[in-house]
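Chemist: Before I ask anything, here is the structure I am working with.
Number of protein chains: 2
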Amino acid sequence: MQSYTEENYLKIIYHLSEISNPVLTNAIAERIQTKAASVTDMIKKLSEKELVNYVKYQGVTLTEKGKLTAINIVRKHRLWEVFLVDKLNFKWDEVHDVAEELEHIQSNLLVERLDEFLDFPRVDPHGDPIPDKYGNFAELAFVKLSKLNSGDKGTITGVSEHSSAFLKHLEKLGLTLGKRIEIIEVLEFDGSVELLAEQQKTNISREVAKHILITKN
Amino acid sequence: MQSYTEENYLKIIYHLSEISNPVLTNAIAERIQTKAASVTDMIKKLSEKELVNYVKYQGVTLTEKGKLTAINIVRKHRLWEVFLVDKLNFKWDEVHDVAEELEHIQSNLLVERLDEFLDFPRVDPHGDPIPDKYGNFAELAFVKLSKLNSGDKGTITGVSEHSSAFLKHLEKLGLTLGKRIEIIEVLEFDGSVELLAEQQKTNISREVAKHILITKN
DNA sequence: TTTATTGTTTAGACAAATCTAAAAATTTAT
DNA sequence: ATAAATTTTTAGATTTGTCTAAACAATAAA
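Residue numbers (the UniProt record's numbering), protein chains in the order written: chain Y, 1 to 217; chain H, 1 to 217.
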């Protein structure tokens with residue numbers, strides 16, 4: 001059993017692993033809002049518990065055990081987000097902080113019953129996939145535009161944000177359902193995306209890219 | 001804002017206050033599964049925060065501020081219990097430990113939306129009343145079974161003891177929520193109660209009777 | 001009304017998670 | 001390749017909540 005804090009470290013390391021592996025101390029420190037020295041301390045502890053592999057000055061990677069633990073927390077986080085939006089009428093941008101707390105509740109029965117109650121959702125309100133209880137992610141027909149790299153091509157098949165302000169913005173950019181797009185470049189410094197839609201070059205912010213769902217083809 | 005631990009102390013002090021006021025150090029120590037010295041430490045801290053009034057060797061009482069905080073935790077605990085039973089099909093003796101964790105989630109929006117989602121329940125699955133967001137309890141018309149006399153009739157509307165051992169015992173006796181009962185006799189020498197529940201004659205100890213709540217009708 | 005018993009508090013220590021400041025390793029630039 | 005800049009780690013201190021052992025207060029018994 002891990003402490004609340006240990007769980008948070010594992011979750012952050014899991015998310016950062018998708019960007020760069022191994023994960024560097026400073027990257028964790030920044031994300032978890034703490035000092036590098038504190039991160040080093042915690043990494044040592046997680047390493048002793050065999051939840052991460054740690055090489056001094058190189059960074060950390062999750063062990064199989066650590067990865068399963070992290071995925072389980074992600075699962076709980078996303079299920080609770082679905083609950084908050086679908087059942088309690090939260091907006092998608094109001095759920096994060098509360099889910100951040102709820103993800104640490106310890107009860108397998110609770111998680112499985114919640115999953116059932118929500119009718120086994122495959123994605124959370126932001127379009128992120130929800131792993132099953134064994135830690136497996138279902139293959140999804142779509143991926144967030146923000147996950148694509150230069151050269152990738154696809155079709156807009158959905159959005160994960162339904163405010164009329166956002167939809168009007170997309171319409172103005174010509175990024176509507178069914179449109180084919182191609183990524184030109186993902187800008188390093190702000191994560192904004194340069195793309196081609198109907199011979200038209202457009203730049204969209206990372207925030208916008210996060211809420212456009214693409215079917216690669 | 002109080003820590004998880006401080007919240008637990010306030011809640012326990014609130015519950016113990018209903019039995020004896022002021023609440024003694026040892027009583028808290030026993031309930032919270034810790035040592036008297038630790039309780040003294042925490043009481044001092046709560047006293048500095050003006051959540052309790054503390055007189056050395058005499059015990060503690062909650063201040064108005066402390067009482068409101070405690071009642072809010074009780075409110076959340078009981079609302080979550082309703083959620084677990086009504087929506088996730090937990091049994092009434094499975095909910096306590098999970099609710100014990102959920103009661104510490106910090107979000108007023110969450111609590112109010114949950115209350116609404118559950119259709120503003122007045123009592124939890126054990127029959128305990130749920131205070132409103134201002135800390136007020138609705139008047140409920142129940143009395144301890146141990147206060148009844150022969151010939152009295154009523155309906156089981158709650159319990160005031162939530163250990164799963166006790167709840168299982170009641171289930172075995174067929175004395176579950178909603179059952180109608182009639183007192184046959186209260187035995188002089190040990191205070192045990194002979195009663196009729198669904199044509200079935202049963203004898204329960206005074207201790208058990210003390211923890212069953214009855215609506216006379 | 002001393003003595004014994006029980007209950008409570010103090011003193012000092014410990015583990016978890018954090019911090020600051022300084023040292024060490026690594027990377028980048030000259 | 002050596003110096004400079006950056007990143008990471010160590011060392012030592014701090015805070016929160018806990019503990020044990022000893023001292024102190026209150027209550028009950030002789």
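Cβ atoms here follow ideal geometry from the backbone N, Cα and C, with glycine treated the same way.
1) Against chain Y, with Cβ distances strictly below 8 Å, would L175(H) count as a contact?
2) Would N217(H) pass as a contact of T155(H) if the rule is Cβ separation under 8 Å?
3) According to DSSP, is R180(Y) part of a helix, a strand, or is it coil?
4) Does DSSP put I130(Y) in a helix, in a strand, or in coil?
5) For K87(Y), go through chain H and note every residue whose CB falls closer than 7 Å to its CB, in chain order.
6) Take A36(H) and list the residues in its own chain whose beta-carbon comes closer than 7 Å to its own, dropping the five residues that flank it on each side.
7) To which residues does DSSP link A27(Y) through a beta bridge?
8) At what residues does the beta strand (DSSP E) containing K216(H) begin and finish?
9) Along the segment 161-189 of chain Y, where does the CB come closer than 9 Å to a CB of chain H? Name the residues.
10) Between E139(H), S160(H), L46(H) and G127(H), which lies nearest to E18(H) when the distance is taken from Cα to Cα?
11) With a threshold of 8 Å between beta-carbons, can S38(H) be considered close to chain Y, or not?
12) Anything in chain Y within Cβ reach of L114(H), meaning under 8 Å, just list it in chain order.
13) Does I105(Y) come within less than 8 Å of chain H when only Cβ atoms are used?
14) Rounded to whole angstroms, what's the CA-CA distance from P125(H) to I204(H)? Just pull it up for me.
15) Which residue comes first and which comes last in the alpha helix (DSSP H) that contains E139(Y)?
16) What number of angstroms, rounded off, separates the C-alpha of R75(Y) from the C-alpha of F137(Y)?
17) Go ahead and pull the three-state DSSP assignment for residue 232(H).
18) For Y9(H), count neighbouring Cβ atoms within 10 angstroms of its own Cβ and tell me buried if that reaches 16, exposed if not.
19) Could you tell me whether the Cβ atoms of L62(H) and Y14(H) are closer together than 8 Å?
20) For A99(Y), count neighbouring C-beta atoms within 10 Å of its own C-beta (all shown protein chains included) and say buried if the count is 16 or more, exposed if not.
21) Return the bridge partner residues of L62(H) from the DSSP annotation.
22) I'd like the span of the beta strand (DSSP E) that includes I203(H), first residue to last.
23) Kindly indicate which three-state DSSP category E116(H) falls into: helix, strand or coil?
Modeler: A quick look at the data gives this:
1) Here residue 175(H) refers to the residue found at position 175 when the second sequence is read from its first residue. It does not: the Cβ of L175(H) has no partner Cβ on chain Y nearer than 8 Å.
2) The residue labelled residue 217(H) in the question sits at position 217 within the second sequence. The residue labelled residue 155(H) in the question sits at position 155 within the second sequence. Taking 8 Å as the Cβ cut-off, N217(H) and T155(H) qualify as a contacting pair.
3) Position 180 of the first sequence holds residue 180(Y). Strand.
4) Here residue 130(Y) is taken as the residue at index 130 of the first sequence, counted from 1. Note: I130(Y) maps to coil in three-state DSSP.
5) What you label residue 87(Y) is simply residue 87 of the first sequence in a count that begins at 1. Ordered by position in chain H, the residues that pass the 7 Å Cβ test against K87(Y) are F117.
6) By 1-based counting over the second sequence, the position of residue 36(H) is 36. Closer than 7 Å at the Cβ level, and outside the excluded window around A36(H), lie T25, N26 and A29.
7) Mapped onto the first sequence, residue 27(Y) falls at position 27. According to DSSP, A27(Y) bridges with nothing at all.
8) Numbered from 1 along the second sequence, position 216 holds the residue referred to as residue 216(H). I212 to K216 is the span of the beta strand (DSSP E), which, as asked, contains K216(H).
9) none
10) Here the question's residue 18(H) lines up with position 18 in the second sequence. Per the Cα distances, S160(H).
11) Counting from 1 along the second sequence, the entry for residue 38(H) is found at position 38. Answer no: the Cβ-Cβ gap between S38(H) and chain Y never drops below 8 Å.
12) For the purposes of this step, residue 114(H) is taken as residue 114 along the second sequence, with counting starting at 1. Neighbours of L114(H) in chain Y, taken as residues whose beta carbon is under 8 Å from its own, are L88 in chain order.
13) Here the question's residue 105(Y) lines up with position 105 in the first sequence. At least one chain H Cβ lies under 8 Å of I105(Y).
14) On the second sequence, residue 125(H) is found 125 positions in, with the first residue counted as 1. On the second sequence, residue 204(H) is found 204 positions in, with the first residue counted as 1. So the two alpha carbons sit approximately 22 Å from each other.
15) Within the first sequence, the letter at position 139 stands for residue 139(Y). Premise fails: E139(Y) is in no alpha helix (DSSP H) and is neither H nor E.
16) Taking the first sequence and counting its residues from 1, the one referred to as residue 75(Y) is at position 75. Taking the first sequence and counting its residues from 1, the one referred to as residue 137(Y) is at position 137. Roughly 10 Å between the two C-alpha positions.
17) In this structure chain H extends from 1 to 217, so residue 232(H) is not present and cannot be described.
18) Indexing the second sequence from 1 puts residue 9(H) at position 9. Under this definition Y9(H) is a buried residue.
19) Your numbering for residue 62(H) matches position 62 in the second sequence. Your numbering for residue 14(H) matches position 14 in the second sequence. Yes, Cβ-Cβ distance for L62(H) and Y14(H) is below 8 Å.
20) Position 99 of the first sequence, counting from 1, holds the residue named residue 99(Y). Its Cβ being crowded by 16 or more others within 10 Å, A99(Y) is buried.
21) One-based indexing of the second sequence puts residue 62(H) at position 62. L62(H) pairs with V52(H).
22) Against the second sequence, residue 203(H) aligns to sequence position 203. The sequence as given places Asn at residue 203(H); Ile does not occur at that position. Where N203(H) is concerned, the enclosing beta strand (DSSP E) stretches over Q200 to I204.
23) The count along the second sequence starts at 1 and reaches residue 116(H) at position 116. Looking at E116(H) - three-state DSSP - the assignment turns out to be helix.
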